[in-house]
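Asks:
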Amino acid sequence: MNRDDLTSSQLEVVEATEPLVLVLGGAGSGKTTTALWAGREHLDRPDTPPTQRVLFVTFSRTAVGQIARRAGAVFAGVGERIEIHTFHALAYRLVRAFGRYAGHGTIPPRIESEARKKLLGRDRALLSYDELLPTAASILASKRISALIAARWGLVICDEFQDTNDFQWGLLQTVSGSARLLLLADPNQMIYTFIPTVGAVRLDDARARADRVVDLEEVPHRDPSGVIPAMARAVRRRSFDDPAVAHAVDTGMLRVCTATQADLCDRLLAELRRLRTCGCGSVGIFETTNAGAAMLGADLTERGVAHTLIGLPEAHGEAILAMATMTAFGLRARSFEDVRRQLAVFLTAATRTPRAPPVAVQLLNNTVQNRPLQQRLGDLEAALGEAEDFDTLVGVSATAWDNLGIGAGGPVWRRAAASFAALARQTAATNTKQEALADDLEAATEQLRTEALITEEPIRARVQVMNFHQTKGREADGVILIYREAGFVTRWDAREPFAEASRVLYVALTRARSHVTVVLPPVPHALIAPFART
517 MNRDDLTSSQ LEVVEATEPL VLVLGGAGSG KTTTALWAGR EHLDRPDTPP
567 TQRVLFVTFS RTAVGQIARR AGAVFAGVGE RIEIHTFHAL AYRLVRAFGR
617 YAGHGTIPPR IESEARKKLL GRDRALLSYD ELLPTAASIL ASKRISALIA
667 ARWGLVICDE FQDTNDFQWG LLQTVSGSAR LLLLADPNQM IYTFIPTVGA
717 VRLDDARARA DRVVDLEEVP HRDPSGVIPA MARAVRRRSF DDPAVAHAVD
767 TGMLRVCTAT QADLCDRLLA ELRRLRTCGC GSVGIFETTN AGAAMLGADL
817 TERGVAHTLI GLPEAHGEAI LAMATMTAFG LRARSFEDVR RQLAVFLTAA
867 TRTPRAPPVA VQLLNNTVQN RPLQQRLGDL EAALGEAEDF DTLVGVSATA
917 WDNLGIGAGG PVWRRAAASF AALARQTAAT NTKQEALADD LEAATEQLRT
967 EALITEEPIR ARVQVMNFHQ TKGREADGVI LIYREAGFVT RWDAREPFAE
1017 ASRVLYVALT RARSHVTVVL PPVPHALIAP FART
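According to our numbering, the residues represented by the sequence shown are 517 to 1050, in order.
Right, dumping it as structure tokens:
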């Protein structure tokens, strides 16, 4: 969207100069692009110092990538003056830069993944993901550091403000200092209320504090026809008999079908083929739980469907570290016990079950009961130990997971293998001492693992699988909502009007640019049963 394409209310946001501006708009109304133009306008003002920058903070790694791509055109010529981070990436950056002045040492802190904690127990020597924001807040308690930080940015933009918690809101206020704050929000997309301190009070507080509140017109940029946004609003109100729902069905933009547990995968494959013939270049498949998404991902893998299981950044990072550990074993710098432990951590990260899977525990304790797997582990140990050169060793490490035949996590491992191979070549090229190569490689992969946990997700496949709460900030040509007999999004309310669950459903529906498919079980839950009437 060019500046000339902005509506009157969007231009009001772009040209605003008040200290705190709250922007309200529905899904696909152009809030993000409007905010980017507001950032460019700020930098172009004569009174803006040439060293000043714009900070854009959002929730998901995917949103960071999408915003960065849009920012390329808006910030042409001054692209280095906009910084785009998730809250946790911003916190990690602050901890790395200033942690030494708050007792956190000079070495960048290692981040403990949930999988590592789940399998091995809490390691107090590591910084947990949940500790990043509180740690950053404690560092910024120093007036000298907070003043130094605040001078960097003249405009701080927060996306999805309605779902910020106390730590995030506090971090925003501290890093902005005397800078202007631009807050983007949609009350109908407030879907993280299960997190402590997230709720309508935050938005009410911002309304009271704001120097200007701008309501964007309902101009759906994601779906210019307006059919899907209108249908989604009706569903959010529980008005399934609304003409907007019927119109979405009549135009073919909404399709509802039924599938049993046994034929779900076949139905899904048929829908993927249909969406492709409809011109959908990208498809998002939304499941109600992490476990359901992982199970569906495994089914798609068996059917040979290329896809990405969203929400596995820690699995990507743990895979890279597992390959480095195997390479270090081949260089006589690690034991095979270390290799088994890291393989177990990766498997735990890739499965996303409430507890570490039994095979991961067996790998950790060297009690694998499956004889073929025992044999393949022995073959791996021998291949690593007998590798004739560094390139061969890297190759054995990169292909180890497929050769073990465990199954879960294969696509994640293969994507990580490309990153590891490139990093291994780079490390070897700059290291002339064989005895230091293992340490340098593990240090480099540890940093890459940390970046995978907190920074932008890598480029994804055409088909993406995720749970409903991971849909925020994403979009695709077509989306498929999967409901099973045993799963539904009713974490908060058990009866009509399903206010909270309907907001989650609304967010999922509005991710689509052109097509929505809702797959119901034979006996659907009351939340989604009205779809059957369509």
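Glycine is no exception: its CB is placed at the ideal position from the N, C-alpha and C atoms.
Source: prediction; values computed, not measured.
Can you find the residues in the same chain that come closer than 8 angstroms, C-beta to C-beta, to arginine 696, ignoring five residues on each side of it along the sequence?
Replies: Thr533, Glu534, Pro535, Leu536, Val537, His558, Gly670, Leu671 and Val672
Asks: Assuming cysteine 674 and leucine 635 form a contact by the criterion Cβ under 8 angstroms, report the distance between their Cβ atoms to the nearest whole angstrom.
Replies: With a Cβ gap of about 35 angstroms, cysteine 674 and leucine 635 do not count as contacting.
Asks: Are the CB atoms of arginine 771 and proline 1013 within a distance shorter than 8 angstroms?
Replies: no
Asks: For alanine 899, count neighbouring C-beta atoms within 10 Å of its own C-beta (all shown protein chains included) and say buried if the count is 16 or more, exposed if not.
Replies: buried
Asks: Decide if the region 713 to 728 is in contact with the region 681 to 688; the criterion is three or more beta carbon pairs, one per stretch, under 8 angstroms apart.
Replies: Touching, per the Cβ criterion.
Asks: Determine whether the beta carbon atoms of glutamate 628 and serine 654 lie at a separation below 8 angstroms.
Replies: no
Asks: Based on the DSSP output, what are the partners of serine 1018 in its beta bridges?
Replies: Per DSSP, none; premise fails for serine 1018.
Asks: Evaluate isoleucine 623 with the Cβ neighbour count: other Cβ atoms within 10 Å of its Cβ, from every protein chain shown; 16 or more gives buried, anything less gives exposed.
Replies: Exposure of isoleucine 623 is indicated by the presence of fewer than 16 other C-beta atoms within 10 angstroms of its C-beta.
Asks: Ignore the nearest five residues each way along the sequence and tell me which others in alanine 866's own chain have a CB closer than 7 angstroms to its CB.
Replies: Leu828, Ala831, Ala924, Gly925 and Val928
Asks: With DSSP collapsed to three states, give me the class of cysteine 773.
Replies: strand
Asks: Which residue from Thr946, Asn947 and Asp907 puts its Cα closest to that of alanine 937?
Replies: Closest in alpha carbon position to alanine 937, among Thr946, Asn947 and Asp907, is Asp907.
Asks: Looking at the secondary structure, which residues open and close the alpha helix (DSSP H) in which asparagine 983 lies?
Replies: Segment 979 to 983 is the beta strand (DSSP E) holding asparagine 983; no alpha helix (DSSP H) there.
Asks: Just grab the DSSP bridge partners of glycine 994 for me.
Replies: Val799 and His1031
Asks: Ignoring anything shorter than 4 residues or poking outside the region 641 to 665, list the alpha helix (DSSP H) runs there in chain order.
Replies: Listed in chain order, the complete alpha helix (DSSP H) runs (minimum 4 residues) inside the region 641 to 665 are 648 to 655.
Asks: If we call anything under 8 angstroms between Cβ atoms a contact, is glutamate 958 one with alanine 835?
Replies: no
Asks: Output the distance between the C-alpha atoms of proline 888 and alanine 876, rounded to the nearest integer angstrom.
Replies: C-alpha separation (whole angstroms): 16 angstroms.
Asks: Which same chain residues, not among the five before or five after alanine 809, have their C-beta less than 7 angstroms away from its C-beta?
Replies: Glu803, Leu825, Val981, Met982 and Asn983
Asks: Within its chain, find whatever has a CB closer than 6 angstroms to the CB of alanine 722; leave out the 5 residues flanking it on each side and keep chain order.
Replies: Leu538 and Leu699
Asks: Grouping DSSP H, G and I as helix and E and B as strand, with all else coil, what is leucine 732?
Replies: coil
Asks: Tell me, which residues are paired with glutamate 599 by DSSP?
Replies: Leu571
Asks: So, are the CB atoms of isoleucine 661 and phenylalanine 614 less than 8 angstroms apart?
Replies: Taking 8 angstroms as the Cβ cut-off, isoleucine 661 and phenylalanine 614 qualify as a contacting pair.
Asks: For the 8 angstroms Cβ check, are there 3 or more pairs between the region 984 to 1000 and the region 846 to 858?
Replies: Result no; under three Cβ-Cβ pairs closer than 8 angstroms.
Asks: With H, G and I counted as helix, E and B as strand and the rest as coil, what does DSSP make of leucine 700?
Replies: strand
Asks: Does the beta-carbon of alanine 1017, which I'm using as the reference point, lie nearer than 7 angstroms to any heavy atom of the ligand ADP?
Replies: Absence of the ligand ADP from the depicted structure is noted, as is the absence of any ligand whatsoever, leaving it without description.
Asks: Taking the alpha-carbon positions, what's the arginine 1029 to aspartate 731 distance?
Replies: Taking the straight line joining both Cα atoms gives about 22 angstroms.
Asks: Hey, out of Val1023, Pro712 and Thr774, whose CA is closest to proline 1046's CA?
Replies: Of the listed residues, the one whose Cα sits closest to proline 1046 is Thr774.
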